[in-house]
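Below: the structure, in structure tokens.
Number of protein chains: 2
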Amino acid sequence: MKNKRKTIAIDMDGVIADVEAQLIDWYHRDHGILISKEDMLGKPEPEAFPNKEAVLKFLHTPGFFRTLPVMPNAVEVVKELMNDYDIYIVTAAMEFPLSLYEKYEWLQEHFPFISWKNIIMCGDKSIIDTDYLIDDHIKNLDFCKGRPIMFNAGHNSNVSHHQRVHNWDEVKALFNNIKNLSETTAV
Amino acid sequence: MKNKRKTIAIDMDGVIADVEAQLIDWYHRDHGILISKEDMLGKPEPEAFPNKEAVLKFLHTPGFFRTLPVMPNAVEVVKELMNDYDIYIVTAAMEFPLSLYEKYEWLQEHFPFISWKNIIMCGDKSIIDTDYLIDDHIKNLDFCKGRPIMFNAGHNSNVSHHQRVHNWDEVKALFNNIKNLSETTAV
């Protein structure tokens, strides 16, 4: 008998959508100062920039979330994971309510193979129950009901109590390991 | 020691927002035919109207979700429940993506005391894990992880396998009973 498919919740910002890259890009465009990914290590995103109010303003600017670059290989790996798992996109969009529809459109453009049934826009994620959560924020990972997987970001560089993946290739490798392990133990 | 507060997920459409009333009202306004709540018993909402395409069109009309009437006494009872429970508003908004921001604004207007952290707009509700779910749709109630409470609606009038509440006064009475029972058994 086939087991019930396991579920993975995947965060948007900082996981499939590259917020850091867009902040660096917009800050350079508007203020002429190029911040590096290294400058962002160990602090909340806005703190890495000389004018943090300007960064907070970006987050409330129409179009910011709509035009985020896709994280490298995210599309391919998510598509592959869908063969074995039920995938849910779970994003804390409610903090920026104007982003709700932008995030929906962004997903339609870049992840059209994900059904509207599998999209969740929320505030905190404490009542989300999936077998895995891939997220960059410890405020979500610390309280998740399943197995937390921390996607690397400047702001979480000092965190060591969650399994870290640096990119989508590492996500793919991790789930390949999990699959191999479960096939071995299922004999 | 105080126990961890229990959680209640509350649906929007048909539970705190009166979709039936708005459909009846708009259909009467645009087509001159007055459908009664009795006409709506035992069928999906659009099926209760002579022209069901017109009803489906309402659901995609800007302003429909923004102007839904509040279900009688919902505000008062939800506010009271917040004394004892963590309340989450969980709505299947993703089916009507244009409604996302309207639903947010509607909540800001009528339930301003509910934090953005406690609002969840989703597709299916299968990964939502709360102790109780108050909802009018069996597709949600049948698969919820907590205790299902079915809010009365025309379309669920034939369903008998969930505990039914007819209005918010009955929700209040039900949770008063639960509270009294837990205080008795906790002695």
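Line by line, the protein sequences are chains E and V.
Numbering-wise (full-length UniProt numbering), the first sequence opens with residue 1 and increments by one.
Numbering-wise (full-length UniProt numbering), the second sequence opens with residue 1 and increments by one.
A virtual CB, placed ideally from N, CA and C, is assigned to each residue, including glycine.
Residue-chain proximity (residue i, chain E), Cβ-Cβ < 9 Å
i	result
P85/V	Looking at the sequence provided, one finds Tyr at residue 85/V rather than Pro. Not closer than 9 Å to any Cβ of chain E, the Cβ of Y85/V fails to qualify, so no.
8 Å Cβ cut-off: residues of chain E touching residue i
i	result
L100/V	L100, Y101, Y104, M121
D129/V	I127, I128, D129, K145
Within-9 Å CB hit, residue i to chain V
i	result
A9/E	yes
Per-residue contacts from residue i into chain V (C-beta, under 8 Å)
i	result
V116/E	As written in the sequence, residue 116/E is Trp, which differs from the Val given in the question. Here the neighbours are M94, E95, P97, G123.
Helix, strand or coil at residue i [DSSP, three-state]
i	result
F143/E	coil
T91/E	strand
P72/E	coil
R164/V	strand
T7/E	strand
L133/E	strand
F151/V	strand
D13/V	strand
V171/E	helix
I35/E	coil
M40/E	helix
I119/E	strand
I114/V	coil
D30/V	helix
D25/V	helix
I128/V	strand
Exposure of residue i, with buried meaning 16 or more beta-carbon neighbours within 10 Å
i	result
G42/E	exposed
D135/V	buried
F113/V	exposed
A173/V	exposed
L133/V	buried
H11/V	In the sequence on display, residue 11/V carries Asp and not His. The residue in question, D11/V, is buried, as its Cβ has 16 or more Cβ neighbours within 10 Å.
P72/V	exposed
I33/V	exposed
L56/V	exposed
N176/E	exposed
E45/V	buried
E102/V	buried
Heavy atom of the ligand ZN within 8 Å of residue i beta-carbon
i	result
A48/E	This structure lacks the ligand ZN; in fact it carries no ligand of any kind.
Residues of the segment 66-95 of chain V whose Cβ lies closer than 7 Å to any Cβ of chain E, in chain order:
Y88, M94, E95
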